[in-house]
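Just so we're aligned, residue 1 is where the sequence shown starts under full-length UniProt numbering, counting upward by one.
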Amino acid sequence: MHFVEDDGSKKYRTDYNSHGSAGHRKEEFYGKELILADRETVEQEADSILKEADVCDVAFLVVGDPFGATTHSDLVLRAVKLGIPYRVIHNASIMNAVGCCGLQLYNFGETVSIVFWTDAWKPESFFDKIKKNRQNGMHTLCLLDIKVKEQSLENLMKGRKIYEPPRYMSVNQAAEQLLTIIKNRRLQGEEPEITENTICVGLARVGAPDQKIASGTLHQMSTVELGGPLHSMIVTGSMHPLELEMLKLFSVDSCSNSENNAFKRTA
Numbered sequence: 001m002h003f004v005e006d007d008g009s010k011k012y013r014t015d016y017n018s019h020g021s022a023g024h025r026k027e028e029f030y031g032k033e034l035i036l037a038d039r040e041t042v043e044q045e046a047d048s049i050l051k052e053a054d055v056c057d058v059a060f061l062v063v064g065d066p067f068g069a070t071t072h073s074d075l076v077l078r079a080v081k082l083g084i085p086y087r088v089i090h091n092a093s094i095m096n097a098v099g100c101c102g103l104q105l106y107n108f109g110e111t112v113s114i115v116f117w118t119d120a121w122k123p124e125s126f127f128d129k130i131k132k133n134r135q136n137g138m139h140t141l142c143l144l145d146i147k148v149k150e151q152s153l154e155n156l157m158k159g160r161k162i163y164e165p166p167r168y169m170s171v172n173q174a175a176e177q178l179l180t181i182i183k184n185r186r187l188q189g190e191e192p193e194i195t196e197n198t199i200c201v202g203l204a205r206v207g208a209p210d211q212k213i214a215s216g217t218l219h220q221m222s223t224v225e226l227g228g229p230l231h232s233m234i235v236t237g238s239m240h241p242l243e244l245e246m247l248k249l250f251s252v253d254s255c256s257n258s259e260n261n262a263f264k265r266t267a
């Protein structure tokens with residue numbers, strides 16, 4: 001069993017934690033069909049997949065690092081228990097490619113996920129983790145929500161396998177939610193560690209030819225347009241002078257007469 005792009009007899013493509021836009025090109029490269037394994041398939045049919053691996057090679061083509069998802073760790077543990085050998089070829093991931101913006105990887109604290117809010121569910125726990133990172137002078141990588149093969153509550157309750165259109169959170173949507181939390185915290189008498197003027201970085205389609213990076217204040221991130229998915233965002237902590245200089249290369253102010261204003265207003 002392989003979590004690699006190997007010459008296996010069966011190849012599964014998993015992209016439920018990403019935007020799998022290159023699937024057809026991979027099929028052309030291998031000259032054979034790639035079986036799309038969504039989250040439900042991997043989590044509920046793991047035993048069947050492992051049974052196949054007992055008689056032929058099985059390859060999992062994973063977007064990002066194979067062990068970025070606990071689902072894949074579970075498959076490895078199951079394979080080991082069944083005596084099925086496996087090997088891994090590691091891949092680039094946003095967790096390390098995020099350094100493309102110039103922020104140093106060892107200055108990052110705990111990574112957080114920012115989820116889509118609903119009318120009835122508006123969690124703020126990710127904000128408190130960002131706050132803790134900033135208090136420790138650390139940057140925070142924010143992974144933005146992906147909704148793929150999601151069911152409405154009505155379809156879920158009625159057992160209908162009807163799925164909602166895919167949704168991918170953008171940098172400006174994430175920034176808007178953070179700004180709302182800041183407003184709420186102030187109404188509660190708190191002056192948050194993160195403000196409208198905190199320097200942030202928006203990243204889109206990192207590693208692709210049309211990759212985009214934008215740096216500026218959190219308020220500026222709420223209006224920036226970076227195009228299609230996938231997006232990530234960084235809330236900065238304390239910055240080394242070289243990190244600041246690198247971020248200025250991507251400043252949303254750089255096209256105006258007030259070049260790099262954001263970096264003069266706040267740190």
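All residues carry an ideal CB built from backbone N, CA and C; glycine is no exception.
Exposed unless 16 or more other CB atoms sit within 10 angstroms - verdict on residue i
{"i": "H139", "result": "buried"}
{"i": "T236", "result": "buried"}
{"i": "D210", "result": "exposed"}
{"i": "N133", "result": "buried"}
{"i": "F3", "result": "Its pLDDT being 46, under 50, F3 is placed unreliably by the model, and the measurement read from it follows with that caveat. Classification of F3: buried, given that the 10 Å Cβ count is 16 or more."}
{"i": "T70", "result": "exposed"}
{"i": "S256", "result": "A caution first: S256 carries a pLDDT of 41, below 50, which makes its placement in the model unreliable, though a value can still be read off. Exposed."}
{"i": "N260", "result": "Because N260 carries a pLDDT of 43, less than 50, the predicted location of this residue cannot be relied on, and no value is offered for it."}
{"i": "S222", "result": "buried"}
{"i": "V55", "result": "exposed"}
{"i": "G159", "result": "exposed"}
Sequence-distant residues of its chain with Cβ nearer than 6 Å to residue i (five each side left out)
{"i": "I213", "result": "C101, L203 and F250"}
{"i": "N155", "result": "I162"}
{"i": "S215", "result": "V201, L247, F250 and S251"}
{"i": "I114", "result": "F126, C142, L144 and A174"}
{"i": "H231", "result": "L144, S170, V171 and A204"}
{"i": "D119", "result": "none"}
{"i": "M239", "result": "none"}
{"i": "H219", "result": "E196"}
Per-residue DSSP class, three states only, for residue i
{"i": "V76", "result": "helix"}
{"i": "S48", "result": "helix"}
{"i": "F108", "result": "strand"}
{"i": "R134", "result": "helix"}
{"i": "S215", "result": "strand"}
{"i": "V201", "result": "strand"}
{"i": "V115", "result": "coil"}
{"i": "L226", "result": "coil"}
{"i": "K147", "result": "strand"}
{"i": "residue 272", "result": "With the chain running from 1 to 267 in the structure shown, residue 272 is simply not present."}
{"i": "L141", "result": "strand"}
{"i": "L249", "result": "coil"}
{"i": "V55", "result": "coil"}
{"i": "L244", "result": "helix"}
Residue i - containing alpha helix (DSSP H), residue span
{"i": "V58", "result": "Note, V58: premise wrong, no alpha helix (DSSP H); beta strand (DSSP E) at V58 to V62."}
{"i": "residue 276", "result": "Outside the shown range of the chain (1 to 267) lies residue 276, about which nothing can therefore be said."}
{"i": "M157", "result": "L153 to M157"}
{"i": "P166", "result": "Neither: P166 is in no alpha helix (DSSP H) and is coded neither H nor E."}
{"i": "M239", "result": "Looking at the DSSP string, M239 is not in any alpha helix (DSSP H), and its letter there is neither H nor E."}
{"i": "I94", "result": "I94 to A97"}
For residue i, the first and last residue of its enclosing beta strand (DSSP E)
{"i": "I194", "result": "It is not in any beta strand (DSSP E) - I194 carries neither H nor E in the DSSP assignment."}
{"i": "M233", "result": "H231 to V235"}
Closest by C-alpha distance to residue i, when choosing among the options
{"i": "H90", "options": "G68, I84 and T111", "result": "G68"}
{"i": "Q44", "options": "T118, D74 and P66", "result": "D74"}
{"i": "A37", "options": "D65, H72 and C56", "result": "H72"}
{"i": "E164", "options": "E150, M157, I35 and K158", "result": "E150"}
{"i": "F108", "options": "K129, L226 and S48", "result": "K129"}
{"i": "P229", "options": "M221, L179 and Y168", "result": "Y168"}
{"i": "G227", "options": "I234, A208 and L242", "result": "A208"}
{"i": "K122", "options": "T41, Q177 and C56", "result": "Q177"}
{"i": "L244", "options": "T198, H219 and V206", "result": "T198"}
{"i": "L242", "options": "M95, S48 and G99", "result": "G99"}
{"i": "N136", "options": "E110, E124 and F116", "result": "E110"}
{"i": "K131", "options": "E190, L34 and F116", "result": "E190"}
{"i": "D253", "options": "W117, T217 and I234", "result": "T217"}
{"i": "L34", "options": "V80, F60 and V42", "result": "F60"}
Cβ neighbours of residue i in the same chain (closer than 7 Å, five flanking residues each side left out)
{"i": "R78", "result": "A46 and L50"}
{"i": "R185", "result": "P192"}
{"i": "N96", "result": "L105"}
{"i": "I84", "result": "M1, L50, A53 and D54"}
Residues near residue i by beta carbon distance below 8 Å, same chain, minus five either side
{"i": "S93", "result": "G64, D65 and G68"}
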